[in-house]
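Colleague: As given, the protein sequences belong to chains U and D, one line each in that order.
Counting in our numbering, the first sequence runs from 1 upward without gaps.
Counting in our numbering, the second sequence runs from 384 upward without gaps.
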Amino acid sequence: MTLPLTFSTPSPTDHVWSVGQLSASVRRLIESHPMPLWVRGEVVQVKVWSSGHWYFTLRDKKSQVKCCMWKMYAERGGRPPADGTEVFVLAKPALYEEKGEFQLSVTRIIPTSAMGRQQQELERVKSVLQKDGLFDLSRKRQVPSYASTVALVTSPDGAAIHDVVTVTRKRWPCARILVAGARVQGEGAVSELVRALSLVNRIPGLDVCIVGRGGGGREDLAAFNTEAVCRALAAVRVPTISAVGHEIDISLTDLVADVRAATPSAAAELAVSDRRDVLRLVDDLSVRLAAGLSGRTRLGRSRLARTADRLHAGVEAVLDSRRNLTDRLAAQLDALSPLRVLGRGYAVPMSEAGRVLKRRADFVPSESFRLRVADGDVRARVE
Amino acid sequence: MAKTGTGPSLTPPIGDELARLEEIVRKLEADDVELDAALALFEEGVARLRAARERLVAAELKVQVVLEEADGDIRLTDLDA
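#1: Just the Cα atoms here: how many angstroms apart are leucine 37 of chain U and glutamine 119 of chain U?
#2: Spell out the partners DSSP gives glutamate 101 of chain U in its beta bridges.
#3: Of the choices D:Asp461, D:Val446, D:Thr460, D:Leu439, whose alpha-carbon is the least far from that of arginine 275 of chain U?
#4: In whole angstroms, what is the alpha-carbon distance linking aspartate 60 of chain U and alanine 180 of chain U?
#5: Which first and last residues belong to the alpha helix (DSSP H) in which threonine 85 of chain U is found?
#6: Please state whether the Cβ-Cβ distance between alanine 430 of chain D and cysteine 174 of chain U is less than 8 Å.
#7: Proline 395 of chain D versus chain B: which residues are under 7 Å apart at the beta carbon?
#8: Can you tell which of U:Val48, U:Leu325, U:Ala94, U:Thr57 has the C-alpha that lies nearest to the C-alpha of methionine 35 of chain U?
#9: With 16 other CB atoms within 10 Å as the buried threshold, where does serine 366 of chain U fall?
#10: Assuming lysine 71 of chain U and histidine 53 of chain U are in contact, meaning their beta carbons sit under 8 Å apart, how far apart are those beta carbons, in whole angstroms?
#11: Around the Cβ of threonine 240 of chain U, are there at least 16 other Cβ atoms within 10 angstroms (buried) or fewer (exposed)?
#12: Roughly how far, in whole angstroms, is the beta-carbon of leucine 270 of chain U from the beta-carbon of valine 164 of chain U, given that I think they are within contact range, below 8 Å?
#13: For a minimum of 4 consecutive residues, which ranges assigned as the alpha helix (DSSP H) are wholly contained in the segment 192-279 of chain U?
#14: When we look at the beta-carbon of alanine 326 of chain U and count the other beta-carbons within 10 Å, is it buried (16 or more) or exposed?
#15: To the nearest angstrom, how far is it from the Cα of phenylalanine 425 of chain D to the Cα of serine 286 of chain U?
#16: Whole angstroms are fine: how far does the CA of lysine 170 of chain U sit from the CA of phenylalanine 102 of chain U?
#17: Would you kindly report the start and end of the unbroken alpha helix (DSSP H) that includes threonine 168 of chain U?
#18: Whole angstroms are fine: how far does the CA of aspartate 132 of chain U sit from the CA of proline 204 of chain U?
#19: Could you pull the start and end residues of the beta strand (DSSP E) that tyrosine 55 of chain U belongs to?
#20: Cutting at 6 Å between CB atoms, please list the residues of its own chain near threonine 226 of chain U, excluding the five before and the five after it.
#21: How about alanine 175 of chain U: is its C-beta nearer than 8 Å to some C-beta of chain D?
#22: Looking only at its own chain, which residues have a Cβ that is under 8 Å from the Cβ of valine 356 of chain U, when we skip the five neighbours before and after it?
#23: Does the Cβ-Cβ distance between alanine 182 of chain U and valine 153 of chain U come in under 8 Å?
#24: Roughly how many whole angstroms lie between the Cα atoms of threonine 263 of chain U and leucine 90 of chain U?
#25: Answer with buried or exposed for glutamate 192 of chain U, where buried requires no fewer than 16 other C-beta atoms within 10 angstroms of its C-beta.
#26: Could you tell me the alpha carbon to alpha carbon distance between threonine 107 of chain U and alanine 74 of chain U, rounded to whole angstroms?
#27: Counting only Cβ pairs nearer than 9 Å, list the residues of chain U close to aspartate 414 of chain D.
#28: Measure the C-alpha to C-alpha separation of aspartate 461 of chain D and tyrosine 55 of chain U and round it to an integer number of angstroms.
#29: Going by beta-carbon coordinates alone, are valine 150 of chain U and valine 194 of chain U separated by less than 8 Å?
#30: Any beta carbon of chain U sitting closer than 8 Å to that of arginine 458 of chain D?
#31: In chain U, which residues lie less than 7 Å from alanine 442 of chain D when you measure between Cβ atoms?
#32: Apply the 10 Å Cβ neighbour rule to lysine 386 of chain D and answer buried if 16 or more other Cβ atoms are within range, or exposed otherwise.
#33: Could you tell me the distance, in whole angstroms, from the CA atom of arginine 280 of chain U to the CA atom of glutamate 437 of chain D?
#34: Using 8 Å as the limit for Cβ to Cβ distance, is alanine 222 of chain U near chain D?
#35: Under 7 Å Cβ-Cβ, which residues of chain U neighbour glutamine 434 of chain D?
This is the structure in C-alpha cells:
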C-alpha cells in the first residue's frame with residue numbers, strides 16, 4: 001500500500017497512520033534516490049558482527065549518521081577501519097524501519113589518505129605511459145569495417161557481456177564473440193586482466209578487442225588505471241576499444257586503447273557494422289551489377305555493328321583495288337601482245353607445225369608455210 | 384595453437400566478399416572489359432551476392448569463452464545462453 005505523505009491532515013479521524021506505514025513510506029521516499037553517494041566523515045564505533053556485517057557511525061563536526069556495511073561488501077573491503085579514520089564511503093541512504101533510524105547502506109570504504117596515494121599513483125602511471133608514447137594518436141589503429149570475430153575482456157558475471165552480446169546480436173549476428181573472462185575489480189583484477197589480454201593475442205583470426213566493464217564508481221575502475229593493464233592493452237595486436245562504462249571519468253585504458261567507448265553497448269556498436277546497412281549495400285551492388293552487364297552488352301552490340309560495317313567496307317575496298325589491278329595488268333598484257341604488232345602490218349611466218357620461222361635456213365624451197373597476220377593465217381610457199 | 388571444436392569459419396570474411404563485389408561491379412561499369420570476361424564477372428557477382436545475402440540473413444551470433452588449458456593451449460567453448 002502506498003500512502004501519500006502529507007503533513008496537513010488536521011484531524012485524527014480523517015486518517016490515521018500506523019508507525020509501520022509511516023516508516024515504510026519514509027523509507028520509500030529516502031531510498032528512492034537511484035544513485036549511491038560518496039560521503040566523507042570520520043569513522044567511530046566500528047562493530048564487526050559474527051554475521052560478517054559491519055556497523056559504524058560516520059560523523060563530522062556537525063552531525064553523525066549510522067552506517068551498515070553488509071557482509072558481501074565488507075568482505076571485499078579487507079579490514080574494518082580503525083576508529084577515528086577519515087574516510088570516503090560509497091553509500092545509499094536507507095531507513096532501518098524497526099528502529100525508525102536513518103542510516104547509510106555502505107558498499108565501499110576508502111580512507112582519505114589512501115585516496116591521496118591512489119591519485120599520486122594514477123599521475124605517476126599516466127606520466128610514464130605518456131612518456132612511452134602509449135597515448136600517441138599516431139599509434140591509434142582503425143577498427144575494421146566488418147569485424148567478424150570480436151574478443152571481449154570483461155567479467156563473465158558482469159553486465160558488460162550481456163550488453164555487448166545484445167547489441168551485437170541485433171546489429172551483426174554474423175559475428176563471433178570470444179569472451180576472455182577476468183575479474184575487473186578488487187583483488188586479483190589486475191593480474192587477471194593482464195592474463196586475459198595476453199590470451200587474446202593468441203586467438204587466431206581476431207578482428208577487434210573490447211576491454212571493459214559495466215558502470216561503477218571511480219574506485220571500481222582502479223584496475224583500468226594500472227600500468228600493467230595499460231601496457232597489456234597496448235600490446236594487443238588487433239585494434240582495441242576501451243569501454244569502462246563510466247561516462248564522467250576517463251580511465252587510462254581509455255587513453256591507451258585505439259578507440260574509447262562510453263559504455264560496453266557503445267563499444268559493440270563501434271566494433272561491428274549494422275546488418276541492415278550492409279544489406280542495403282548488397283542491394284545497391286545487385287542493381288549496379290545488373291546495370292553494368294546490361295551496359296556492357298549494349299556496348300558490345302553497338303561495337304559489333306560498327307565492326308560489321310567496317311568489315312564490309314574493308315572487303316569492298318580490297319575488291320575494288322583487286323579489280324583495278326586486274327584491269328591494269330590486262331592493259332599491260334594487251335600492250336605486250338605480238339598480235340598488236342601484227343595490227344601495224346607485220347606478219348609472222350610459221351611452219352605447218354606451228355614453229356616460228358626466224359632465219360633463211362628455216363625456209364625449205366617449195367615447202368608451204370603460214371603467214372600469221374593481224375586477222376588470221378595466209379598460206380604461202382617458198383620459191 | 385587454438386583448439387576449437389567450432390573454429391573460425393572457412394568462408395572468407397564478409398568484408399573481403401564485399402570488396403570483391405565492388406571490384407566486379409567497377410570492372411563491369413568500365414568499358415574496357417571484353418564481353419566474355421564481362422559475362423564471367425557477372426556470374427561470379429551474382430553468386431557472391433546471393434551468398435553474402437544468405438550469410439547476412441541466416442547468421443546467428445556465436446558467443447564462446449576462451450579458456451587456457453593446463454598445457455598452455457587455448458580452447459573455445461560455447462557460452463550457455
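Think of the CB as a built atom: it goes at the ideal place given N, C-alpha and C, for glycine as much as any other residue.
Just so we're clear, the structure is a prediction, and the values are computed from it rather than from any experiment.
Modeller: To lay it out plainly:
#1: Counted from its first residue, the first sequence places residue 37 of chain U at position 37. Counted from its first residue, the first sequence places residue 119 of chain U at position 119. Computed Cα separation, rounded: 20 Å.
#2: Working through the first sequence from its first residue, we reach residue 101 of chain U at position 101. DSSP, once it has assigned bridges, lists U:Tyr96 as partnering glutamate 101 of chain U.
#3: Against the first sequence, residue 275 of chain U aligns to sequence position 275. Minimum Cα distance to arginine 275 of chain U is reached at D:Leu439.
#4: Counted from its first residue, the first sequence places residue 60 of chain U at position 60. Counted from its first residue, the first sequence places residue 180 of chain U at position 180. Rounded to the nearest angstrom, the two C-alpha atoms are 45 Å apart.
#5: Taking the first sequence and counting its residues from 1, the one referred to as residue 85 of chain U is at position 85. Neither: threonine 85 of chain U is in no alpha helix (DSSP H) and is coded neither H nor E.
#6: Along the second sequence, one-based indexing puts residue 430 of chain D at 47. Along the first sequence, one-based indexing puts residue 174 of chain U at 174. No, they are not a contact pair.
#7: Checking the listed chains, one finds no chain B in this structure; the protein chains it contains are U and D.
#8: By 1-based counting over the first sequence, the position of residue 35 of chain U is 35. Of U:Val48, U:Leu325, U:Ala94, U:Thr57, the residue nearest in Cα terms is U:Ala94.
#9: For the purposes of this step, residue 366 of chain U is identified with residue 366 of the first sequence, where counting begins at 1. When all chains shown are included, serine 366 of chain U counts as exposed.
#10: Looking up residue 71 of chain U in the first sequence gives position 71. Looking up residue 53 of chain U in the first sequence gives position 53. Yes, they are in contact, since the Cβ atoms of lysine 71 of chain U and histidine 53 of chain U sit about 5 Å apart, within 8 Å.
#11: As a position in the first sequence, residue 240 of chain U is number 240, starting the count at 1. Burial call: buried.
#12: Taking the first sequence and counting its residues from 1, one reaches residue 270 of chain U at position 270. Taking the first sequence and counting its residues from 1, one reaches residue 164 of chain U at position 164. The Cβ separation is near 11 Å, so there is no contact.
#13: 227-234, 252-256, 264-271
#14: Taking the first residue of the first sequence as 1, we reach residue 326 of chain U at position 326. Residue 326 of chain U is actually threonine in this sequence, not alanine. Classification of threonine 326 of chain U: exposed, given that the 10 Å Cβ count is below 16.
#15: As a first step, residue 425 of chain D must be located in the second sequence, where it is residue number 42. As a first step, residue 286 of chain U must be located in the first sequence, where it is residue number 286. Spanning the two alpha carbons is a distance of roughly 10 Å.
#16: Taking the first residue of the first sequence as position 1, residue 102 of chain U is located at position 102. Taking the first residue of the first sequence as position 1, residue 170 of chain U is located at position 170. The alpha-carbon atoms of phenylalanine 102 of chain U and lysine 170 of chain U are separated by roughly 45 Å.
#17: Walking along the first sequence from the start, residue 168 of chain U turns up at place 168. Its alpha helix (DSSP H) spans residues 159-171.
#18: Mapped onto the first sequence, residue 204 of chain U falls at position 204. Mapped onto the first sequence, residue 132 of chain U falls at position 132. Cα to Cα, the separation comes out at about 28 Å.
#19: Position 55 of the first sequence, counted from the first residue, corresponds to residue 55 of chain U. Looking at the DSSP string, the run of the beta strand (DSSP E) that includes tyrosine 55 of chain U is 54-59.
#20: Here residue 226 of chain U is taken as the residue at index 226 of the first sequence, counted from 1. Only Val190 meet the Cβ criterion.
#21: Numbered from its first residue, the first sequence carries residue 175 of chain U at position 175. For alanine 175 of chain U, the answer is yes, since a Cβ of chain D falls inside 8 Å of its Cβ.
#22: Numbered from its first residue, the first sequence carries residue 356 of chain U at position 356. Closer than 8 Å at the Cβ level, and outside the excluded window around valine 356 of chain U, lie Val348, Pro349, Met350.
#23: Here residue 182 of chain U refers to the residue found at position 182 of the first sequence. Here residue 153 of chain U refers to the residue found at position 153 of the first sequence. For alanine 182 of chain U and valine 153 of chain U, yes; Cβs fall inside 8 Å.
#24: The residue labelled residue 263 of chain U in the question sits at position 263 within the first sequence. The residue labelled residue 90 of chain U in the question sits at position 90 within the first sequence. The alpha-carbon atoms of threonine 263 of chain U and leucine 90 of chain U are separated by roughly 22 Å.
#25: Working through the first sequence from its first residue, we reach residue 192 of chain U at position 192. Looking at its Cβ environment, which holds 16 or more other Cβ atoms inside 10 Å, glutamate 192 of chain U is buried.
#26: Along the first sequence, read from residue 1 onward, the residue named residue 107 of chain U stands at position 107. Along the first sequence, read from residue 1 onward, the residue named residue 74 of chain U stands at position 74. One C-alpha to the other measures close to 8 Å.
#27: As a position in the second sequence, residue 414 of chain D is number 31, starting the count at 1. Under the 9 Å cutoff, chain U gives Gly295, Arg296, Leu299.
#28: Here the question's residue 461 of chain D lines up with position 78 in the second sequence. Here the question's residue 55 of chain U lines up with position 55 in the first sequence. One C-alpha to the other measures close to 44 Å.
#29: Mapped onto the first sequence, residue 150 of chain U falls at position 150. Mapped onto the first sequence, residue 194 of chain U falls at position 194. Contact: no.
#30: Along the second sequence, read from residue 1 onward, the residue named residue 458 of chain D stands at position 75. No - not a single Cβ of chain U is within 8 Å of the one on arginine 458 of chain D.
#31: By 1-based counting over the second sequence, the position of residue 442 of chain D is 59. Going along chain U in sequence order, the residues near alanine 442 of chain D (Cβ under 7 Å) are Pro173, Cys174.
#32: Here residue 386 of chain D corresponds to residue number 3 of the second sequence, with the count starting at 1. Unreliable placement is indicated for lysine 386 of chain D, whose pLDDT of 46 sits below 50; no coordinate value is reported for it.
#33: Taking the first residue of the first sequence as position 1, residue 280 of chain U is located at position 280. Taking the first residue of the second sequence as position 1, residue 437 of chain D is located at position 54. Between arginine 280 of chain U and glutamate 437 of chain D, the C-alpha separation is close to 14 Å.
#34: Sequence index remark: in the first sequence, residue 222 of chain U carries index 222 (1-based). Chain D, which has no Cβ nearer than 8 Å to the Cβ of alanine 222 of chain U, makes this no.
#35: What you label residue 434 of chain D is simply residue 51 of the second sequence in a count that begins at 1. Position check: residue 434 of chain D holds alanine in this sequence, whereas glutamine was assumed. Neighbours of alanine 434 of chain D on chain U: none; closest Cβ ~10 Å, over 7 Å.
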